[in-house]
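Number of protein chains: 2
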Amino acid sequence: MKTIEIEEDLYLYIAGQTKHIGESASDILRRLLEVDASIQESAEPEPVDLNSQAVDDVPPEQPTQESSVYENLEDVVTTPQDPDFLSYFNFELIGNAGSSTKRFLSLLASLYTVNNAMFAKACVIKGSKREYFSQDKDSLLASGKTSKPQAIPDTPYWVITNTNTARKRHILQHVASEMGLQESQIERLCEAI
Amino acid sequence: MKTIEIEEDLYLYIAGQTKHIGESASDILRRLLEVDASIQESAEPEPVDLNSQAVDDVPPEQPTQESSVYENLEDVVTTPQDPDFLSYFNFELIGNAGSSTKRFLSLLASLYTVNNAMFAKACVIKGSKREYFSQDKDSLLASGKTSKPQAIPDTPYWVITNTNTARKRHILQHVASEMGLQESQIERLCEAI
DNA sequence: GAGCGGATCGAGGGGATGCTTC
DNA sequence: ACGAAGCATCCCCTCGATCCGC
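Protein chains in written order, with my numbering: chain A, 1 to 193; chain B, 1 to 193.
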């Protein structure tokens, strides 16, 4: 194992390309760069050292076997694999919200809280014309005529709100699914809307 | 700055992609991943924008007569002879498109990107009445009653779209075949529609 | 842009099927 | 007359946002 240093945004970008839970940085980069493990010896120009910024030695404090990129993100709370995953959802509170729109927002907020890096990646979804999610209210406003964007509480995100309940379920289901939740968990969430 | 751990061979591979002395790991990865410093959180890899990366990978000229036709064109990225040819296709992204029409368009866009000179030659195909390809929407419109032309993304071309899936496969197969793809590669593309 | 929620209905796109043509 | 190839009608489904009810 080698350690390299990269800039923050690039780091987030790479993390955002995660396709499976627990994927290591190597896995992701191999996929993106289309380098498979077998071609490693492929004669390349000699290892120009990744300059001074590359740290050549790995401090053994890093647990290598599960080096999912997420573990370096300080905002990670849990992953969908966590058997207690749904316990992070306060269904009681959510259920008390007065409308499905409110419940929709709370559920999204919970997903964000549980793992905001995965949420960021999962909320890339749009309809035929409208943007569904954005960090910017105005861009949602711009993409549709009366989409009624609302802020997702305790979150930098906004969602479209002018949809019927079925569509709210679809949106939630999409996000949850992209985040890797189990089918049964997704069902539970959608029912809670 | 963030730190990530990657496997040794991948590290060497990345180091081997150094273009300038003193380039940082971030610089190299940005170039390889085509992520510029201003990426937004939602930036997704562009399936068809493979030019800059692929240029470096053009294999030694094949001694076929076709390749000599193209070898002087600066826009040649690779040729169907390239054993890695299909790796230029982002099947994952293509597969995620919501309809066969969308996938059809993406696949054509990929063929164009991979070698636009060959594409230009290969897309000369028409049905009994309708034009199939054109750089001009109106000429497609003019040649049929409801052909539903759509722009091929990131491309100067338009294609007819009002066909059943079988015909979309025929069209794709014709273009791929004219471009000189192997039978097995063509099959792979047609299945992806 | 300020009342909010969201069901309902209309617009539009996808593409299989059936008709036409050769 | 029969089949094959190709065209485009037309149904279905998705998605938007109007508009009504509270």
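Glycine included, C-beta positions come from ideal geometry on N, C-alpha and C.
No experiment lies behind these values; they were computed from the predicted model shown.
- Excluding residues up to 5 positions away in sequence, nothing lies with its Cβ nearer than 6 Å to the Cβ of Glu187/A in the same chain.
- At a cut-off of 9 Å, the C-beta of Arg30/A has a neighbouring C-beta in chain B.
- A contact between stretches requires three or more CB pairs, one per stretch, nearer than 8 Å, and the stretch 138 to 154 of chain B fails this requirement with the stretch 88 to 99 of chain B.
- Cβ neighbours of Lys126/A within its own chain (closer than 8 Å, five residues either side excluded): Tyr132, Ser143.
- Flagged as an interface residue toward chain A: Lys2/B, by a C-beta distance shorter than 9 Å.
- Looking at the DSSP output, Asn96/B sits in no beta bridge, so it has no partner there.
- For Leu108/A, the closest Cβ of chain B is not nearer than 9 Å.
- Between the stretch 155 to 170 of chain A and the stretch 94 to 102 of chain A, the count of Cβ pairs shorter than 8 Å is three or higher; the stretches touch.
- Taking CB atoms only, Ser26/A has a neighbour in chain B less than 9 Å away.
- The CB of Leu140/A never comes closer than 8 Å to any CB in chain B; the least such distance is about 13 Å.
- Annotated three-state conformation of Phe104/B is helix, per DSSP.
- When the Cα atoms are used, Ser26/A and Asp9/B turn out to be separated by approximately 10 Å.
- Residue burial is scored here from C-beta neighbours: Ser147/B has at least 16 other C-beta atoms within 10 angstroms and is therefore classed as buried.
- Among the CB atoms of chain A, none fall inside 9 Å of the CB of Glu178/B.
- In the structure shown, the three-state DSSP call for Asn116/B is helix.
- Per DSSP, the unbroken alpha helix (DSSP H) holding Lys168/B starts and ends at 165 to 178.
- Around the beta carbon of Ala151/A, fewer than 16 other beta carbons sit within 10 angstroms, so the residue counts as exposed.
- In this structure, Leu29/B lies near Leu29/A, with their beta-carbon atoms less than 9 Å apart.
- Ala142/A sits in a helix when the DSSP states are folded into three classes.
- Bridge pairing for Gln185/A: absent [DSSP].
- Taking the beta carbon of Tyr11/A as reference, the chain B residues within 8 Å of it are Lys2, Ile4, listed in sequence order.
- Where Ile4/B is concerned, the enclosing beta strand (DSSP E) starts and stops at 2 to 6.
- Here Gly16/A is buried, its C-beta having at least 16 other C-beta atoms within 10 Å.
- Under the 9 Å criterion on CB atoms, Leu33/B is classed as interfacial with respect to chain A.
- Taking Ser106/A as reference, the option from Asp136/A, Arg169/A, Lys121/A with the minimal CA-CA separation is Arg169/A.
- Within the same chain, Cβ atoms closer than 8 Å to the Cβ of Arg130/A are found at Leu140, Ser143, Gly144, Ser147, Ile160, the five residues on either side in sequence being excluded.
- Of the candidates Gly180/A, Glu178/A, Met179/A, Ile171/A, the residue whose Cα lies closest to the Cα of Glu191/A is Ile171/A.
- With a threshold of 9 Å between beta carbons, Ile94/A makes no contact with chain B.
- For Ala25/B, the enclosing alpha helix (DSSP H) covers residues 25 to 33.
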